[in-house]
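Reading through the structure tokens given below for one structure.
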Amino acid sequence: MKCLLLHTFLTNHLSAPLTNHHNRLMTSSPSPTTTFSTLTPKHNLSSLTTTNHPNTVVFKSTCVKTRSLSISSHSVRAPMKVSASSAVVESSKSSEVVVDVDLGDRSYPIYIGSGLLNQPHLLQRHIHGKRVLVVTNTTVAPLYLDKVVTALTAGNPNVTVESVILPDGEKYKDMDTLMKVFDKAIESRLDRRCTFVALGGGVIGDMCGYAAASFLRGVNFIQIPTTVMAQVDSSVGGKTGINHPLGKNLIGAFYQPQCVLIDTDTLNTLPDRELASGLAEVIKYGLIRDAPFFEWQEKNMHALMSRDPDAFAYAIKRSCENKAEVVSQDEKESGLRATLNLGHTFGHAIETSYGYGHWLHGEAVAAGTVMAVDMSYRLGWIDESIVERTNNILKLAKLPTTPPEMMTVDMFKSVMAVDKKVADGLLRLILLKGPLGSCVFTGDYDRKALDETLHAFCKS
1 MKCLLLHTFL TNHLSAPLTN HHNRLMTSSP SPTTTFSTLT PKHNLSSLTT
51 TNHPNTVVFK STCVKTRSLS ISSHSVRAPM KVSASSAVVE SSKSSEVVVD
101 VDLGDRSYPI YIGSGLLNQP HLLQRHIHGK RVLVVTNTTV APLYLDKVVT
151 ALTAGNPNVT VESVILPDGE KYKDMDTLMK VFDKAIESRL DRRCTFVALG
201 GGVIGDMCGY AAASFLRGVN FIQIPTTVMA QVDSSVGGKT GINHPLGKNL
251 IGAFYQPQCV LIDTDTLNTL PDRELASGLA EVIKYGLIRD APFFEWQEKN
301 MHALMSRDPD AFAYAIKRSC ENKAEVVSQD EKESGLRATL NLGHTFGHAI
351 ETSYGYGHWL HGEAVAAGTV MAVDMSYRLG WIDESIVERT NNILKLAKLP
401 TTPPEMMTVD MFKSVMAVDK KVADGLLRLI LLKGPLGSCV FTGDYDRKAL
451 DETLHAFCKS
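1 is the number of the first residue of the sequence shown in full-length UniProt numbering; add one for each residue after it.
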């Protein structure tokens, strides 16, 4: 990957110094509203203030200095490290980038670059025992399993690698499939010093992470995401879990990996539909907190859809920086992190009602995002231009902007009533408010606007 060109993207396009494979709403008293203003990865949220409104908390952005570290002379192969708020580092000896997720003693790096699966030291430095279990699926295994096993064992004969190959698809993200991972781990007599490795997209990452969190009450695990969706979102932040017939991701745990290794070369085997699905999460970051990134996407969506490696390198890096900054400040989703779920409440209702796997996650999120933006406009919280720009960029990414025709108002309400963001019977939503890049996580909204949005997008 020609990461040196990332600097050009930063200089020419942005003012901020930052860039499946191979699948009953209840009324109640208003809840507090958390408001988030436009932020880029250059900012932190250390300054917390309250407004005169008793139900509003405003996080003010504070600029922080960037840092850049050169590669030490004794380790020329080590990737360059940058914080989640730093600019790209250039070097003639290495072109990898590392984004740090700062969680104290549970901090970990996100390695981003081309050909990283050919650099064994990146994985081996995070293997603490002699046993490894690679969890992958029937689509990814023929493409990358051997390469990962080689990376784990090259020059390291004491390490033994087992693997479990699961069926591919969201519909298999359930307890029955999860048990196959436990079966393999127990049959292989793995101990607490073992490491689980998730090789695949978001489904594999979520299931492997949850298995690691549960097996022997917790073992180490590593994420190797191979889809855009997983690389820019699901592999970062420690959300793990499985689906339930009544709702998506209702069973799970927060469990952080030892590292995330993103080899951008794995996108070369990704089908166009999967690639577009992942872009829904990239677009989300621009809408909720990074307006300059959204503007960059508007100018470069054609390059992304054409798989331009430099454009994708930048989009992945900047998405990870946004996600890392949010997770570092709100690991357990008490407020700020919930904003990363823009469109997901509506989207999860689509996935659950329509049936897991019929629509890809990003496709459902895209339609859900349009619905959330529509509701924001009906509330008078955003300008009509944001509605238009959201629709336009999703169409450029070849993503749906309306839910499936079979969806009804009652279907949406039934599933949304058991959404994870429901508190004391009140559905809280992530909505846009203010200029582009600003949002709120709130249960304090006019229920009429929600009903109007649902009826506007559903025939019944």
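Quick reminder that beta carbons are idealized off the backbone N, C-alpha and C, glycines included.
_Cutting at 6 angstroms between CB atoms, please list the residues of its own chain near residue 513, excluding the five before and the five after it._
For the chain, the structure presents residues 1 to 460; residue 513 sits outside this window and is missing.
_Can you tell me whether A253 is helix, strand or coil according to DSSP?_
Locating residue 253 in the sequence shown gives position 253, where the first residue counts as 1. DSSP places A253 in strand when its eight states are reduced to three.
*Is C458 near the ligand PLP, going by C-beta to nearest heavy atom under 7 angstroms?*
The ligand PLP is not part of the structure shown, which contains no ligands of any sort.
*asked:* Give me the DSSP bridge partner(s) of H244.
replied: Translated into positions along the sequence shown, residue 244 becomes position 244. Bridge partners of H244: G247.
*Kindly list the residues whose CB is nearer than 6 angstroms to the CB of D206, restricted to its own chain and excluding five residues on each side of it in sequence; keep chain order.*
By 1-based counting over the sequence shown, the position of residue 206 is 206. Counting only Cβ-Cβ distances below 6 angstroms, and skipping sequence neighbours, we find T240 and G241.
*asked:* Taking the alpha-carbon of G434 as reference, which of E363, W381, S334 and G355 has the nearest alpha-carbon?
replied: Here residue 434 is taken as the residue at index 434 of the sequence shown, counted from 1. The candidate whose alpha carbon is nearest that of G434 is W381.
_Beta-carbon gap between I112 and V97 smaller than 8 angstroms_ = Counting from 1 along the sequence shown, the entry for residue 112 is found at position 112. Counting from 1 along the sequence shown, the entry for residue 97 is found at position 97. Yes. Within cutoff.
_Just list the residues that DSSP pairs T442 with in beta bridges._
For the purposes of this step, residue 442 is identified with residue 442 of the sequence shown, where counting begins at 1. T442 is bridged to L429.
_Less than 8 angstroms between the beta carbons of L216 and R192, yes or no?_
The residue given as residue 216 occupies position 216 in the sequence shown. The residue given as residue 192 occupies position 192 in the sequence shown. Contact: yes.
*Are there three or more Cβ pairs, one per stretch, closer than 8 angstroms when the region 242–259 is compared with the region 216–225?*
yes
_Secondary structure of N392, DSSP reduced to three states_ = Your numbering for residue 392 matches position 392 in the sequence shown. Helix, per DSSP.
*Please state whether DSSP places Q119 in a helix, a strand or coil.*
Reading the sequence shown from its first residue, position 119 is the one you call residue 119. In the structure shown, Q119 sits in coil (DSSP, three-state: anything other than H, G, I, E or B).
*asked:* Just verifying my parser: in three-state terms, what is the DSSP assignment at E333?
replied: The count along the sequence shown starts at 1 and reaches residue 333 at position 333. Coil, per DSSP.
*Beta-carbon separation of K248 and E351 under 8 angstroms?*
Along the sequence shown, read from residue 1 onward, the residue named residue 248 stands at position 248. Along the sequence shown, read from residue 1 onward, the residue named residue 351 stands at position 351. Yes.
*Could you pull the start and end residues of the alpha helix (DSSP H) that V149 belongs to?*
Taking the first residue of the sequence shown as 1, we reach residue 149 at position 149. It spans D146 to T153 - the alpha helix (DSSP H) in which V149 sits, taken as one unbroken run.
_Status (buried if at least 16 other CB within 10 Å, exposed otherwise) for T49_ = Indexing the sequence shown from 1 puts residue 49 at position 49. For T49, the pLDDT reaches just 35, beneath the cut-off of 50, and the residue's location in the model is therefore unreliable, leaving the point undetermined.
*What separation, rounded to the nearest whole angstrom, lies between the Cα atoms of G115 and K317?*
Here the question's residue 115 lines up with position 115 in the sequence shown. Here the question's residue 317 lines up with position 317 in the sequence shown. Roughly 16 angstroms separates the two Cα atoms.
*What does E162 pair with, by DSSP beta-bridge criteria?*
On the sequence shown, residue 162 is found 162 positions in, with the first residue counted as 1. Per DSSP, L133.
_Straight-line gap, A185 to A276 (C-alpha atoms, nearest Å)_ = Here residue 185 refers to the residue found at position 185 of the sequence shown. Here residue 276 refers to the residue found at position 276 of the sequence shown. For A185 and A276, the distance between alpha carbons rounds to 34 angstroms.
*Could you check what DSSP says for N268 in three-state terms: helix, strand or coil?*
Locating residue 268 in the sequence shown gives position 268, where the first residue counts as 1. N268 falls in the helix class under three-state DSSP.
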